[in-house]
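Just so you know, the UniProt record's numbering puts 117 at position 117 of the sequence shown, and the rest follows in order with no gaps.
Glycine included, every Cβ here is placed at the ideal spot set by N, Cα and C.
From a predicted model like this one, the values you see are computed outputs, not experimental measurements.
Encoded as structure tokens, the structure appears first; notes follow it.
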Amino acid sequence: MVEPVSLCPVPGSEIIKSYRLVNSKFPPIALFDDVASDKEFDALYALQALTNPRLQNEVGNLNLIPRSEIPFGITGCAYATAPFTHVNPQGSRFADGAFGVLYLADSMDTAVAEVRHHQQAYWADVRGLNYERFVFRGLVCHFEETGVLDATVLPLSHAIYAPDDYTFSQAMGASVKKRMAPGLRYHSVRSPGNTCWALMTPRPVASIVQSCHYEMVWNKQITSVNKLVASG
1 MVEPVSLCPV PGSEIIKSYR LVNSKFPPIA LFDDVASDKE FDALYALQAL
51 TNPRLQNEVG NLNLIPRSEI PFGITGCAYA TAPFTHVNPQ GSRFADGAFG
101 VLYLADSMDT AVAEVRHHQQ AYWADVRGLN YERFVFRGLV CHFEETGVLD
151 ATVLPLSHAI YAPDDYTFSQ AMGASVKKRM APGLRYHSVR SPGNTCWALM
201 TPRPVASIVQ SCHYEMVWNK QITSVNKLVA SG
């Protein structure tokens, strides 16, 4: 296995424009966007917790991320932080469920391809689901790539790119996290020829804004993905 110590950081310090797709049933967490500092956040959280018993569920597990890593004051702080306070316990390509990762793609088409694959696998296991439509929110993210390790030097045949076995990629992600590198640039597995990023902290994010919505139509499998256009 290639350890991250043998991977070099991406050269330069570009601001990268990237894309993400999230299920629209999860609204942004307003509290993160209403404050400009960790002190303001703690004060407002304590105040709102007195009258909102659902606040902890909305905000997520704040013990999973240091306050210093939350980019308070940016546009879309909630979108940047949510993957780190609402962690998928089943894990992902570069995480075993113990910590969060912000996954980004080089285009919306790449983001759609990645999400479509995982939605297909998830809903295929739901018994009796014949027809449904799921709506996703498209996000545009700008982040600083400084310090991100470059795994695109590894071929798609490398073990970290195995389609369904995440053993090696999760070990790589844990090592990147331990090294305190901000993230990893890697080849998209579901959209070959394109690029994705796995940020281990939201700190590099400069902004995340909503762009448009997409629907995935399930008819015993995902049969179509459509960009939704607002009427009127």
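From which residue to which residue does the alpha helix (DSSP H) around residue i run?
| i | result |
| --- | --- |
| N52 | Segment: none, N52 is in no alpha helix (DSSP H) and carries neither H nor E. |
| T75 | Segment: none, T75 is in no alpha helix (DSSP H) and carries neither H nor E. |
| A151 | Segment: none, A151 is in no alpha helix (DSSP H) and carries neither H nor E. |
| A198 | Counting along the chain, A198 falls outside any alpha helix (DSSP H), though it belongs to the beta strand (DSSP E) covering T195 to L199. |
| A105 | Looking at the DSSP string, A105 is not in any alpha helix (DSSP H); the run it does join, the beta strand (DSSP E), is L102 to A105. |
| M180 | Looking at the DSSP string, M180 is not in any alpha helix (DSSP H), and its letter there is neither H nor E. |
| Y122 | M108 to W123 |
Using DSSP's beta-bridge definition, name the partner residues of residue i.
| i | result |
| --- | --- |
| R67 | R67 is not bridged to any residue. |
| E215 | V135 and N226 |
| V209 | V140 |
| residue 235 | This structure does not reach residue 235, given that the chain is present from 1 up to 232, and the question cannot be answered. |
Would you mind reading off the limits of the beta strand (DSSP E) that contains residue i?
| i | result |
| --- | --- |
| A136 | Reading off the sequence, residue 136 comes out as Phe, not Ala. Counting along the chain, the beta strand (DSSP E) containing F136 begins and ends at Y131 to E144. |
| G183 | G183 to H187 |
Might you give, ordered along the chain, the residues of its own chain that have their beta carbon closer than 7 Å to the beta carbon of residue i, omitting 5 neighbours on each side?
| i | result |
| --- | --- |
| P71 | C77, A80, P202, R203 and V205 |
| E40 | none |
| R54 | none |
| K220 | N130 |
| A111 | Y19, R20, L21 and A105 |
| Y161 | H187 and V189 |
| I29 | E58, V59, A78 and A82 |
Give every residue of the same chain whose Cβ lies closer than 6 Å to the Cβ of residue i, excluding the five residues on either side of it in the sequence, and list them in chain order.
| i | result |
| --- | --- |
| G91 | G97 |
| K17 | H142 |
| A159 | F168 |
| V217 | R133, T223 and S224 |
Closer than 8 Å by C-beta to residue i: which residues in its own chain qualify, once you throw out the five before and the five after it? Chain order, please.
| i | result |
| --- | --- |
| S13 | E144, E145 and T146 |
| I15 | H142, F143, E144, E145 and A206 |
| L116 | For clarity, residue 116 is Arg in the given sequence; the question names Leu instead. The residues are R190, M216, I222 and V225. |
Item to check | Whole alpha helix (DSSP H) elements within the segment 9-41, 4-residue minimum | outcome: 30-33
Next on the checklist: Check whether the segment 23-39 and the segment 134-153 touch, using three or more Cβ-Cβ pairs below 8 Å as the test.
Outcome noted: yes
Item to check | Cβ pair count under 8 Å reaching 3, the segment 144-152 against the segment 175-193 | outcome: yes
Next on the checklist: For the pair the segment 32-51 and the segment 162-178, tell me if three or more CB-CB distances fall below 8 Å.
Outcome noted: no
Checklist entry - Is it true that the segment 170-177 meets the segment 205-223, where meeting means three or more beta-carbon pairs spaced less than 8 Å apart? => result no
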